[in-house]
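Visitor: Residue numbers (my numbering): 174 to 467. For glycine and all other residues, C-beta sits at the position ideal for the given N, C-alpha and C. These numbers come from a predicted model, not from an experiment.
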Amino acid sequence: LSSLQQHRKMATRALQRAGNGLKQTSVRPVTRHASMVIRSLCASNNRPGEDSWFKSLFVRKVDPRKGAHSHLLAKKEESNLYKIQFHNVKPECLDAYNKLCEDVLPSVHADPHYPCELVGTWNTWYGEQDQAVHLWRYRGGYPALTEVMNKLRQNQEFVDYRNERGKMLLSRRNQLLLEFSFWNEPVARPGPNIYELRSYQLRPGTMIEWGNYWARAIEFRQQNSEAVGGFFSQIGDLYMVHHLWAYKDLQSREDTRNAAWQHDGWDEVVYYTVPLIQHMESRIMIPMNGSPLK
């Protein structure tokens with residue numbers, strides 16, 4: 174028999190054993206046993222596709238659609254584009270770097286000449302050290318981004334800022350993002366708060382499935398207004414998702430995350446989305462002076 178046929182036979186026998194057990198024992202123990210068998214088989218390390226027949230019995234189907242996931246998952250009513258920047262700063266230059274950003278970035282944000290907004294700017298507290306994270310929003314999409322970049326090249330203050338900033342950095346990278354349609358748009362909020370940026374590198378081809386699950390899951394995580402924004406990459410590291418959360422402190426974060434497990438359905442979301450992830454990272458961040466997200 175082929176490997177696929179063998180797996181089908183194994184799955185059928187497992188279901189028959191679980192079903193036969195219903196005649197001999199109470200429902201609760203057998204249901205738990207059957208669930209363990211099912212999860213064990215679904216989580217097997219066989220070659221991709223060999224266990225897809227068995228998984229299809231239990232995992233929600235993603236509706237077949239045609240079109241790029243950016244058109245299916247992003248907000249339709251607005252054409253906002255986001256840019257996230259990660260700057261790794263020389264440790265001895267961090268204070269000077271922060272002061273430089275505080276002097277220049279808010280002025281670009283406030284100038285109506287530029288169709289962009291500084292959503293937030295932070296220093297990483299836990300995670301990669303001596304790092305700054307900046308999140309910009311461009312209302313009007315790629316044309317707005319191009320307009321801002323062209324105008325900033327003519328802005329001598331910003332050119333000087335970039336030259337001075339370059340002396341302080343060890344490395345930098347950025348990504349262009351769209352926001353998920355089921356997250357609220359990030360808006361300025363008072364503080365003090367700490368922010369968590371949870372970044373997920375997904376397996377290629379799983380963005381729609383991720384979005385389907387999180388469209389239902391987000392309702393479990395808005396009890397304390399902790400959900401700030403959700404984004405997925407368009408340029409840079411692809412199949413990258415960023416979730417941005419706000420908490421009063423680390424204990425509030427712990428309590429809020431634990432409370433989510435009391436909601437019926439949260440465990441299912443976690444169970445079915447974890448296999449979609451290749452790598453994940455959490456940053457706890459502190460707002461810099463001048464950040465609209467305090």
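In this structure, how does DSSP classify Tyr255 when only helix, strand and coil are distinguished?
Guide: In the structure shown, Tyr255 sits in a strand (DSSP, three-state: E or B).
Visitor: How big is the Cα-Cα spacing for Gly463 and Trp356?
Guide: About 24 Å.
Visitor: Whole angstroms is fine: what's the gap from Ser354's alpha carbon to Asp303's?
Guide: Roughly 33 Å between the two C-alpha positions.
Visitor: Can you tell me where the alpha helix (DSSP H) with Trp418 in it begins and where it stops?
Guide: Element bounds for Trp418: not the alpha helix (DSSP H) but the beta strand (DSSP E), Met413 to Tyr420.
Visitor: If you compare alpha carbons, which of Leu411, Asn385 and Ala361 is closest to Ser398?
Guide: Measuring from the Cα of Ser398, the nearest candidate turns out to be Ala361.
Visitor: Within this structure, are the beta carbons of Gly313 and Glu352 separated by less than 8 Å?
Guide: Taking 8 Å as the Cβ cut-off, Gly313 and Glu352 do not qualify as a contacting pair.
Visitor: Looking at Asn296: is its Cβ nearer than 8 Å to the Cβ of Met461?
Guide: A contact, by the Cβ cut-off of 8 Å.
Visitor: Name the residue from Leu411, Pro285, Asn261 and Arg456 whose alpha carbon lies nearest to the alpha carbon of Gly378.
Guide: That would be Leu411, whose Cα lies nearest to the Cα of Gly378.
Visitor: Determine contact between the segment 276-290 and the segment 444-453, defined as no fewer than three beta-carbon pairs at a distance below 8 Å.
Guide: No, the segment 276-290 is not in contact with the segment 444-453.
Visitor: When you compare only the Cα positions, how much space is there between Cys266 and Ala283?
Guide: Roughly 26 Å separates the two Cα atoms.
Visitor: What are the boundary residues of the beta strand (DSSP E) that includes Thr294?
Guide: From DSSP, the beta strand (DSSP E) with Thr294 extends over Cys289 to Tyr299.
Visitor: Given a cut-off of 8 Å on the beta-carbon distance, is the pair Pro359 and Lys467 in contact?
Guide: In this structure, Lys467 does not lie closer than 8 Å to Pro359 by Cβ.
Visitor: Determine, using beta carbons only, whether Leu449 and Glu369 come nearer to each other than 8 Å.
Guide: No, these two residues do not count as a Cβ contact at 8 Å.
Visitor: Quick one: what's His307 bridged to in DSSP?
Guide: Answer is Gln258 and Thr294.
Visitor: Roughly how many angstroms separate the alpha carbons of Gly512 and Asp440, rounded to a whole number?
Guide: Summary: the structure shown does not reach residue 512, with the chain confined to residues 174 through 467, and so no result is reported for it.
Visitor: Taking C-beta to C-beta, are Ile257 and Leu318 nearer than 8 Å?
Guide: Contact flag unset, no.
Visitor: Quick check on Ala388: does DSSP put it in helix, strand or coil?
Guide: Helix.
Visitor: With Phe331 as the anchor, note down where its alpha helix (DSSP H) starts and where it stops.
Guide: Phe331 -> alpha helix (DSSP H) spans Gln329 to Gly339.
Visitor: By DSSP, does Ser280 sit in helix, in strand, or in coil?
Guide: Helix at Ser280.
Visitor: Cα-Cα, which of Lys272, Met413, Leu350 and Ala432 is closest to Ser372?
Guide: Here the closest residue by C-alpha is Met413.
Visitor: Please state whether DSSP places Phe405 in a helix, a strand or coil.
Guide: The answer is strand: DSSP assigns Phe405 an E or B state.
Visitor: Determine the DSSP secondary structure at Arg376, reduced to helix, strand or coil.
Guide: Note: Arg376 maps to coil in three-state DSSP.
Visitor: With Pro460 as the anchor, note down where its beta strand (DSSP E) starts and where it stops.
Guide: Start and end: Ile450 to Pro460.
Visitor: Would you kindly report the start and end of the unbroken beta strand (DSSP E) that includes Leu423?
Guide: Careful: Leu423 lies outside any beta strand (DSSP E), inside the alpha helix (DSSP H) at Leu423 to Ala433.
Visitor: Quick check on His286: buried or exposed, where buried means 16 or more other Cβ atoms within 10 Å of its Cβ?
Guide: With fewer than 16 Cβ atoms within 10 Å of its Cβ, His286 is classed as exposed.
Visitor: State the beta-bridge partners of Tyr368 as determined by DSSP.
Guide: Note: Tyr368 sits in a beta bridge opposite Ala419 and Met458.
Visitor: Can you grab the Cα-Cα spacing for the pair Ile457 / Arg389, in whole Å?
Guide: Rounded to whole angstroms, Ile457 to Arg389 spans 25 Å at the Cα level.
Visitor: Whole angstroms are fine: how far does the CA of Asn323 sit from the CA of Glu427?
Guide: Those two C-alpha atoms are separated by around 44 Å.
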